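Novice:
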Amino acid sequence: MTAAAPPLSEPVLILGGGLMGLAVAHQLARRGVAVLVLSRRRSEAAGFVAAGMLAPHAEGIGGALLALGQASLARIPAWVAEIEADSDLSCGLRPCGIVVPFTTATERDAYPTAAWGTALDRAALEREIPGIGPRWRAGLLFEQDGQIDNRRRLMRALERACVQRGVRFEEGSEVLELITAPGVAAVAPDQDLAHQPFAGSAYTQGKDSPSGLAPESVGAAGPSPTVRPAATGAAAPMAVAGPATGSSPGSNQGPDPGTAPPARLPQLEAVRLRRADGRELVLPCQTAVLAGGAWSAQLLPQLPVVPVKGQMLSLQGPIGALPRVVFGPGTYLVPREDGLLVVGATSEAEAGFAEGLTPCGQRQLEQGIAALLPAASGWPPMERWWGFRPCTPDEGPLLGPGLISGLWLATGHHRNGVLLAALSAELVARGISGEASPGDAEHLEAFRWDRF
Ligand SMILES: Cc1cc2nc3c(=O)[nH]c(=O)nc-3n(C[C@H](O)[C@H](O)[C@H](O)COP(=O)(O)OP(=O)(O)OC[C@H]3O[C@@H](n4cnc5c(N)ncnc54)[C@H](O)[C@@H]3O)c2cc1C
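To convert, note that position 102 of the sequence shown is 130 in the working numbering; the numbers rise steadily by one, no gaps.
1. CB of H441 to nearest heavy atom of ligand 1: below 7 Å?
2. May I ask you to check if the CB of E297 is nearer than 7 Å to at least one heavy atom of ligand 1?
3. Please return the same chain residues whose Cβ sits closer than 8 Å to the Cβ of P408, not counting the five positions on each side in sequence.
4. Between the segment 43–59 and the segment 185–203, do three or more beta carbon pairs fall short of 8 Å?
5. Which class does M29 belong to by DSSP, given the choice of helix, strand or coil?
6. Would you check if the distance between the CB atom of H442 and the CB atom of P421 is smaller than 8 Å?
7. Fully enclosed by the segment 135–211, which beta strand (DSSP E) runs are 3 residues long or longer?
8. Near A373, which residues of its chain fall below 6 Å by C-beta distance, leaving aside the five closest residues on each side in sequence?
9. Is the beta carbon of A316 less than 8 Å from the beta carbon of L41?
10. Quick one: complete beta strand (DSSP E) runs, 3+ long, within the segment 326–412?
11. Checking contacts by CB at 8 Å: is P425 closer than that to chain B?
12. Let me know if C388 comes out buried or exposed under the rule of 16 or more other beta-carbons within 10 Å of its beta-carbon.
13. Should M48 be labelled buried (16 or more other beta-carbon atoms within 10 Å of its own) or exposed?
14. Tell me the DSSP secondary structure of P429 in three-state form.
15. Sorry if obvious, but does the Cβ on A133 come closer than 7 Å to a heavy atom of ligand 1?
16. Do the segment 64–84 and the segment 388–408 meet, that is, are 3 or more Cβ pairs less than 8 Å apart?
17. Can you tell me whether M410 is buried or exposed? The criterion is at least 16 other CB atoms within 10 Å of its CB, across all chains shown.
18. Alpha carbon to alpha carbon, what distance is there between Q314 and R458?
19. Roughly how many angstroms lie between the CA atoms of R398 and G161, to the nearest whole one?
20. Could you compute how far the alpha carbon of E199 sits from the alpha carbon of S67?
21. If I follow the unbroken alpha helix (DSSP H) through E473, where does it start and stop?
22. Identify, in the order they occur along the chain, each residue of the same chain with its Cβ nearer than 6 Å to the Cβ of A20, setting aside the five sequence neighbours on each side.
23. Beta carbon of P418: closer than 7 Å to some heavy atom of ligand 1?
24. Report all residues from its chain with a CB closer than 7 Å to the CB of G97; omit the five preceding and five following residues, and keep chain order.
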């Protein structure tokens with residue numbers, strides 16, 4: 029059975045206003061879908077933390093993640109053009125290429141993505157990266173990889189583009205709970221969602237009325253007392269991502285009744301949230317996108333997403349001193365157009381959500397700079413910061429419908445979220461608005477939430 033399409037006037041809720049939330053909101057708004065972004069704290073978003081490398085090849089990833097990364101990389105120029113056109117701001121895209129240095133040619137030739145790069149010997153390495161440290165004897169140049177100035181430009185441009193396209197924001201609003209009604213058929217026994225914390229057949233009344241939000245934006249003043257037929261989602265993403273069956277948001281969430289297994293997914297009815305002033309309210313909704321980054325499992329503990337902390341710093345170098353990104357082991361150097369050198373990053377899975385810089389982490393970066401580009405050790409320091417990557421067991425994202433009918437996932441992008449934002453946002457927006465293509469199905473199938 030296909031889910032009833034929500035009326036066009038009811039907004040899709042975006043749960044989390046970081047990079048993925050903004051990117052999905054923008055793509056939905058471009059398709060004429062009403063969108064409301066619920067954002068707890070924009071400043072904690074990894075979208076403001078990342079180095080902005082667009083590096084499917086330099087990162088040495090493989091399999092379906094490499095295919096997703098390559099497809100997203102190809103989509104980035106057009107995606108950026110859309111954001112820049114809507115915002116009238118530059119995103120700071122630099123297709124400058126990335127060099128990966130190695131201590132031996134053997135190491136270089138064994139790199140998983142070596143076939144996509146140009147092999148460099150020491151002389152060629154010195155030409156690409158003037159001043160590179162003496163220990164590096166070989167390299168791979170990936171001219172197709174690049175960078176985008178996410179921290180200073182892309183995030184701001186995306187926010188402005190969303191606003192220009194009519195996206196509404198509730199900044200300082202924390203989503204506390206997803207409220208559901210029971211579904212209609214069966215899922216695997218270990219996914220009996222009726223017993224999970226977010227499930228509930230009763231409507232939880234908050235302390236405030238949803239009418240506190242603009243009524244034209246939030247739709248009805250309360251959830252429908254009727255339980256809508258649940259569309260299957262994660263149980264059959266191939267069907268979800270197949271040719272469009274309707275053009276309204278949420279209308280393409282169900283598999284072909286003839287081919288799909290039955291599923292008992294609870295139906296999303298509302299979210300409970302706490303606004304910036306401390307008041308709680310329940311906001312009805314039929315369609316939402318979970319884009320909570322590293323915090324996603326706090327809302328849905330079934331999701332295998334954990335934080336991996338990363339520390340960063342920046343230096344002010346001479347303009348043009350470093351023509352390409354250098355992706356070394358444990359440290360990378362990302363030169364912005366104005367000479368700012370963004371240096372990353374530690375990878376601290378054991379840190380959990382512990383905030384702040386550590387001497388050990390900062391030392392790692394400083395040692396990395398000295399090894400990769402000794403002259404940069406003398407450049408003036410600018411900023412130091414940290415953030416949390418949303419990591420999954422195979423380091424690939426969780427994309428598409430899942431766990432709850434009406435809920436879409438756009439999370440778990442770990443260390444490639446900037447690279448993947450272009451395509452992930454399109455896949456989710458196309459799926460929700462009923463425009464998915466058979467090509468989308470392959471990606472969504474590869475990155476189902478329950479693939480592990
Ligand atoms: C140090 C570092 C370096 C990186 N470098 C790169 C790179 O070079 N290239 C690359 O491609 N990627 C990189 N990344 C990865 C990239 O930044 C992330 O994959 C991407 O930002 C994830 O986007 P997101 O929207 O899922 O999460 P975020 O951008 O973190 O946004 C999540 C948002 O959700 C909000 N939120 C969470 N829970 C709730 C709730 N209950 N209610 C309301 N709001 C909520 C949070 O406040 C936050 O603002 C890096 C990440 C880090 C940390």
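The C-beta atom is built at its ideal place from N, Cα and C for all residues, glycine as well.
Please read all numbers here as calculations on a predicted model, not as lab measurements.
Specialist: In brief:
1. Within the sequence shown, residue 441 is the residue found at index 413, counting from 1. Because some heavy atom of ligand 1 lies under 7 Å away, the Cβ of H441 counts as near it: yes.
2. Reading the sequence shown from its first residue, position 269 is the one you call residue 297. No, the beta carbon of E297 sits no closer than 7 Å to any heavy atom of ligand 1.
3. Numbered from its first residue, the sequence shown carries residue 408 at position 380. These residues qualify, in order along the chain: L343, Q344.
4. yes
5. Counting from 1 along the sequence shown, the entry for residue 29 is found at position 1. At M29, the pLDDT of 32 sits below 50, so the modelled position is not reliable and the matter cannot be decided from this model.
6. Here residue 442 corresponds to residue number 414 of the sequence shown, with the count starting at 1. Here residue 421 corresponds to residue number 393 of the sequence shown, with the count starting at 1. Against a cut-off of 8 Å, the Cβ pair of P421 and H442 comes out as no contact.
7. Here the runs fully enclosed are 146–149, 166–170, 174–176, 196–199, 202–209.
8. The count along the sequence shown starts at 1 and reaches residue 373 at position 345. Once the five neighbours on either side are set aside, the close Cβ partners of A373 are G338, M340.
9. Here residue 316 corresponds to residue number 288 of the sequence shown, with the count starting at 1. Here residue 41 corresponds to residue number 13 of the sequence shown, with the count starting at 1. Their beta carbons are under 8 Å apart, which means A316 touches L41 by this criterion.
10. 334–344, 353–355, 360–363, 368–372
11. Structure shown: chain B not included; a single protein chain is present.
12. Locating residue 388 in the sequence shown gives position 360, where the first residue counts as 1. So C388 counts as exposed.
13. On the sequence shown, position 20 is the one that residue 48 refers to. Residue burial annotation: M48 is buried, with at least 16 other C-beta atoms found within 10 angstroms of its C-beta.
14. Residue 429 sits at position 401 when you count from the first residue of the sequence shown. The answer is strand: DSSP assigns P429 an E or B state.
15. Counted from its first residue, the sequence shown places residue 133 at position 105. Outside the cutoff, so no.
16. no
17. One-based indexing of the sequence shown puts residue 410 at position 382. Answer is exposed; the Cβ neighbour count stays below 16.
18. Residue mapping note: residue 458 aligns to position 430 of the sequence shown, counting from 1. Residue mapping note: residue 314 aligns to position 286 of the sequence shown, counting from 1. R458 and Q314: Cα-Cα distance of roughly 17 Å.
19. Here the question's residue 398 lines up with position 370 in the sequence shown. Here the question's residue 161 lines up with position 133 in the sequence shown. Reading off the sequence shown, one finds Ala at residue 398, where the question assumed Arg. Separation of A398 and G161 (C-alpha to C-alpha, rounded to the nearest whole angstrom) is 8 Å.
20. Numbered from 1 along the sequence shown, position 171 holds the residue referred to as residue 199. Numbered from 1 along the sequence shown, position 39 holds the residue referred to as residue 67. Answer to the nearest angstrom: the Cα atoms are 5 Å apart.
21. Indexing the sequence shown from 1 puts residue 473 at position 445. 466–474 is the extent of the alpha helix (DSSP H) around E473.
22. This structure does not reach residue 20, given that the chain is present from 29 up to 480, and the question cannot be answered.
23. Looking up residue 418 in the sequence shown gives position 390. Yes, the Cβ of P418 comes within 7 Å of a heavy atom of ligand 1.
24. Position 69 of the sequence shown holds residue 97. Only P84, I89, N444, L447, L448 meet the Cβ criterion.
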